[in-house]
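Asks:
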Amino acid sequence: MLWQLAVRNVRRNWSQTLLGLIGVAIAAGVMTASLSLGAGYPEVSHVEHRSLTGADILIYPGRLGVGVHDAAEGAGEQWRWSMRRGEVLSDLSFFQPDLYEDGYIHPPDDSAYFDAEALPEPLLPEMRPAEVADVHPLLKLPGRVVMDTPSGTKVHPAPLRARDVQIDHERRDVTPYVYRGRWLDADDAGEYVALMQGPRGSGVPAEGTRPQYPVPGLHDSVTVQVPSLAGYADGHPVWNWDDARSIKLQVIGLFSFRVGEKPYIDEETGSYVRDSEGKMEMVPKYLETEDIFIPEETWWAIWEEIAPEGTSPRAYQFNVVLHDMARAEQVAEDLAGGLPGSTVRSVPEQVMIGQRARGQAGVPADMSTVLLIAMFLVAGLLLVANMYVLIMQRRKEMAILKAVGMSGIQVMGLILVEVLFIGLAGALLGFTAVRLVVTGVLLVSEVTAAEIGLLTLQTGALVVGSSTLMAALFGVLPAYLAMKQTTMEVLRDA
Amino acid sequence: MPDSEVILRADEITKIYLVGAGVKAVDHLSMEVGRGEFKLVTGPSGCGKSTLLGLLGGLDRPTYGEIYLRDQSYSELSENGLARLRRTEVGFVFQFFNLLNDLTARENVELPMRLVGVQMAEAGDRCADLLSSVGLAERMNHYPHEMSGGEQQRVAIARALANDPAVVLADEPTGNLDSKNSADVMDLFRRLNEERDQTFVVVSHDEAAHDYASEIVHMQDGAICRVEV
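Chains as they are written, first to last, in this note's numbering: chain A, 1 to 494; chain B, 1 to 229.
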């Protein structure tokens, strides 16, 4: 009965409740935008990282502390990287290039390796969370590109990285990032073909940026020296460069992963460059890697050649691929619980940490929270004012309801239900409007329709839930006023 | 005072409104209403008639004194208890009808039934009976604004009877009606009183209403100054 009356009242008074409804809609819209495009899940910016790493969740051996300054002090659990550039065998460098540059990304102890052929128990198919589609080790070998240039032979670090062409094909749409040529496909399994980072944009790499080797042309043949594995000492691989194999790979594609823009810094002055209007000049930012991507089968063939028989490779990272990337955070949390000795990070989280370390995300994230709170307050006050006016106009109705036997609490409940309807309608309106725009943006990105659907549901639940709750909280005051309406005097008047 | 069961009793009730120095709207008033009685309360404007009706109906609480419906003391009831009492034991009729304008005649009459948990189908049947008994069988699905004043008041009477109350309290029920409609409403009250043994307490300063009452209570300054039987 209460619900029927409330629905009828909202319908009847819709023009008078419009102000409150619009307030809630705006707050819900701002929250949707904030969650969709801000600190909530910047999906679009993660697509490139996910494609490059081939994973949604990364698992590192040992405890990983993050923070450039702490690392600089050499405190606690920070890692000291003692390997030469080009031999970093995890993806940390993608997310935290500063740590990579400064050399603080490697664990000092022996436990900081996984046996690539033996999954830790929580990652075994029968033990892992249902959302996990695949788990595979990050397989890398140190390598050096040897190139003949007019000024002589140049040698540059170039680790060989295995790509599971099947997973890439099924779950990663990496094709858009191939600047020239094509990505690996199923027919490449076991072939000596390679993808390398190509020039960014239309030019050649700027001086001082990776990769430092001259970019080969498409279909060129590149020679990569790969050291033989002498064995393991204290768990660390011992590479023998004196017994290096020369592997010839045919370049079938050049890739370039653009992940946004960054301020342009004048190298001489070390300060930001601004245009005549004082606006900061921005330059494209790319994920940078010296890795040469080869099919996984080819990687294993090279491993057979360089490693003593029966030796299992070491992995510095396990890659977890999810059926549904939207659950990355939750699954990462579950896995972290099962792997207490390891560090489990989702790609979105890793990207965010990387951005924070470079001071790129903190302020906008904080501002969006402040903005959100302000919006909710304004919306709530609008709703209170709106409902107050409405209740003053409906004093007689409240009195009649009391006269026919409604208790004060029931009258209060009726008003609260009405406010809830207004909150719900406003929240749905604001959410739908903004989310449609966001979905349009996501659709032209590489985020899958299933992920968009789930993210929409998750955001929707959060936005609609919190907006409606806000409306209910702010509705208590007008509902209380309605409950306290004096009855007999009102009923006596015309 | 008819020799019948007393169903409503006011015992030395006083109602003071805290306006300025305090206004005594009802002053040490005692009265009894017997089952099947048709009591008329009359008196000049501002003498406390409507306030008395609000107190008897549990819409307001006396500052002092006690009211009993059968043996149930109002002061022992919580707000919810009073609301329950209004739902089940008291029916109100007002001068300005006080129907909910967005509900049809049938829905207005169904409302008190639905509040006590009567199922939709049963409420519909009972409502049809009630509206027929007040001569509005053909107007069940009309909204108040589509009805005349007399018709609206008959809907209000049907609503007051919805849960078969112990007493119907009517505050100037003919005050907003022409003489013919006033007579119709009072005739209806008398018929319900006679046929259903329905108890009425009617506040009115309409002289014509005197003919219908079994007892007339005259009020002055919040107190009973005279009773005519």
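Where a beta carbon is used, it is the ideal one built from N, C-alpha and C, also for glycine. Source: prediction; values computed, not measured.
What does the alpha-carbon distance come out to for the pair Arg345(A) and Phe95(A)?
Replies: 11 Å
Asks: Select from the region 396-428 of chain A all residues with a C-beta closer than 9 Å to any C-beta belonging to chain B, and list them in chain order.
Replies: Lys396, Glu397, Ala399, Ile400, Leu401, Lys402, Ala403, Val404, Gly405, Met406, Ser407, Gly408, Ile409, Gln410
Asks: Taking 9 Å as the threshold (C-beta atoms), are Ile26(A) and Met375(A) in contact?
Replies: Yes, Cβ-Cβ distance for Met375(A) and Ile26(A) is below 9 Å.
Asks: Any beta carbon of chain A sitting closer than 9 Å to that of Leu18(B)?
Replies: no
Asks: Look at the Cβ atom of Gly20(A), then the Cβ atom of Gly426(A), and state whether they are nearer than 9 Å.
Replies: Contact check for Gly20(A) against Gly426(A) passes: the beta carbons are separated by less than 9 Å.
Asks: Are the C-beta atoms of Pro112(B) and some chain A residue less than 9 Å apart?
Replies: For Pro112(B), the answer is yes, since a Cβ of chain A falls inside 9 Å of its Cβ.
Asks: CB Gly65(B) to CB Asp11(B), shorter than 9 Å?
Replies: Contact: yes.
Asks: Could you please give me the residues that DSSP links to Arg161(A) through a beta bridge?
Replies: Lys140(A), Phe293(A)
Asks: So the candidates are Thr63(B), Ala209(B), Ser45(B); which of them puts its Cα closest to the Cα of Met219(B)?
Replies: Closest option to Met219(B), Cα to Cα, is Ser45(B).
Asks: Provide the residue span of the alpha helix (DSSP H) that contains Ile67(B), from first to last.
Replies: Premise fails: Ile67(B) lies in the beta strand (DSSP E), 64-69, not in any alpha helix (DSSP H).
Asks: Quick one: does Thr17(A) have its CB under 9 Å from some CB of chain B?
Replies: Chain B, which has no Cβ nearer than 9 Å to the Cβ of Thr17(A), makes this no.
Asks: Given that Arg435(A) touches chain B, what residues does it touch there, using C-beta distances under 9 Å?
Replies: Those do not exist, as Arg435(A) stays about 34 Å from chain B at its closest Cβ, beyond 9 Å.
Asks: Considering Cα atoms alone, identify which of Ile409(A), Ser342(A), Leu138(A), Lys396(A) is closest to Phe243(B).
Replies: Beyond the ends of chain B as shown, which are 1 and 229, falls residue 243(B); an answer cannot be given.
Asks: Identify each residue in the region 482-493 of chain A for which the Cβ-Cβ distance to at least one residue of chain B is less than 7 Å, and report them in chain order.
Replies: Thr487, Met488, Leu491, Arg492
Asks: According to DSSP, simplified to helix, strand and coil, what is Thr487(A)?
Replies: Shown here, Thr487(A) sits in coil according to DSSP, grouped into three states, outside any helix or strand.
Asks: Going by DSSP, name the residue or residues bridged to Val225(A).
Replies: Residue 225(A) is actually Gln in this sequence, not Val. Beta-bridge pairing links Gln225(A) to Arg144(A), Ser246(A).
Asks: Extract the residue ranges of the alpha helix (DSSP H) inside the region 390-455 of chain A, only unbroken runs of 4 or more that lie entirely within it.
Replies: 395-403, 408-443
Asks: Excluding the 5 residues flanking Ala450(A) on each side, which residues of the same chain have their C-beta closer than 8 Å to its C-beta?
Replies: Asp324
Asks: Distance, Cα to Cα, Leu188(B) vs Val134(B)?
Replies: 7 Å
Asks: Which residues bound the beta strand (DSSP E) around Gln198(B)?
Replies: First-last for Gln198(B): undefined, no H or E at that position.
Asks: Report the rounded CA-to-CA distance for Gln112(B) versus Val185(B), giving the unit in angstroms.
Replies: For clarity, residue 112(B) is Pro in the given sequence; the question names Gln instead. So the two alpha carbons sit approximately 21 Å from each other.
Asks: Is Gln16(A) helix, strand or coil when you go by DSSP?
Replies: helix
Asks: From this set, Val167(B), Gln153(B), Asn108(B), which residue's C-alpha is nearest Asn141(B)'s C-alpha?
Replies: Asn108(B)
Asks: Please report the straight-line C-alpha distance between Ala83(B) and Ala170(B), rounded to a whole angstrom.
Replies: Cα atoms of Ala83(B) and Ala170(B): separation of roughly 18 Å, rounded to the nearest angstrom.
Asks: My understanding is that Gln225(A) touches Thr289(A), with C-beta atoms under 8 Å, so please give their C-beta distance in whole angstroms.
Replies: Wrong, their Cβ atoms sit about 18 Å apart, outside the cutoff.
Asks: With distances taken Cα to Cα, identify the nearest neighbour of Ala495(A) among Asn240(A), Leu390(A), Gln458(A).
Replies: Given that chain A is displayed from residue 1 to residue 494, the structure contains no residue 495(A) and the question cannot be resolved.
Asks: Starting from the C-beta of His28(B), find all residues in its chain whose C-beta is less than 6 Å away, skip the five residues before and the five after it, and write them out in chain order.
Replies: Counting only residues of its own chain and dropping the five nearest sequence neighbours on each side, His28(B) has a CB closer than 6 Å to the CB of Glu12, Thr14.
Asks: Can you tell me which residues form a DSSP beta bridge with Trp239(A)?
Replies: Partner(s): Leu229(A).
Asks: Reducing DSSP to helix, strand and coil, say where Lys279(A) ends up.
Replies: coil
Asks: If you reduce the DSSP assignment to three classes, tell me which class Thr343(A) lands in.
Replies: strand
Asks: Nearest CA to the CA of Arg87(B): which residue from Gln330(A), Ala189(A), Met406(A), Gln458(A)?
Replies: The alpha carbon of Arg87(B) has as its nearest neighbour, out of Gln330(A), Ala189(A), Met406(A), Gln458(A), the alpha carbon of Met406(A).
Asks: Determine, using beta carbons only, whether Ala83(B) comes closer than 9 Å to chain A.
Replies: Answer yes: the Cβ-Cβ gap between Ala83(B) and chain A drops below 9 Å somewhere.
Asks: Let me check understanding here. Comparing Cα to Cα, which of Thr343(A), Leu371(A), Leu381(A), Met483(A) lies closest to Ala403(A)?
Replies: Met483(A)
Asks: For a contact meaning CB atoms closer than 8 Å, what does Arg12(A) contact in chain B?
Replies: Asp102
Asks: Identify the continuous beta strand (DSSP E) that holds Asp27(B) and give its terminal residues.
Replies: Element bounds for Asp27(B): 23-34.
Asks: Among the residues of its own chain, which have a CB less than 7 Å from the CB of Asn98(B), if the five just before and after it don't count?
Replies: Once the five neighbours on either side are set aside, the close Cβ partners of Asn98(B) are Ala156.
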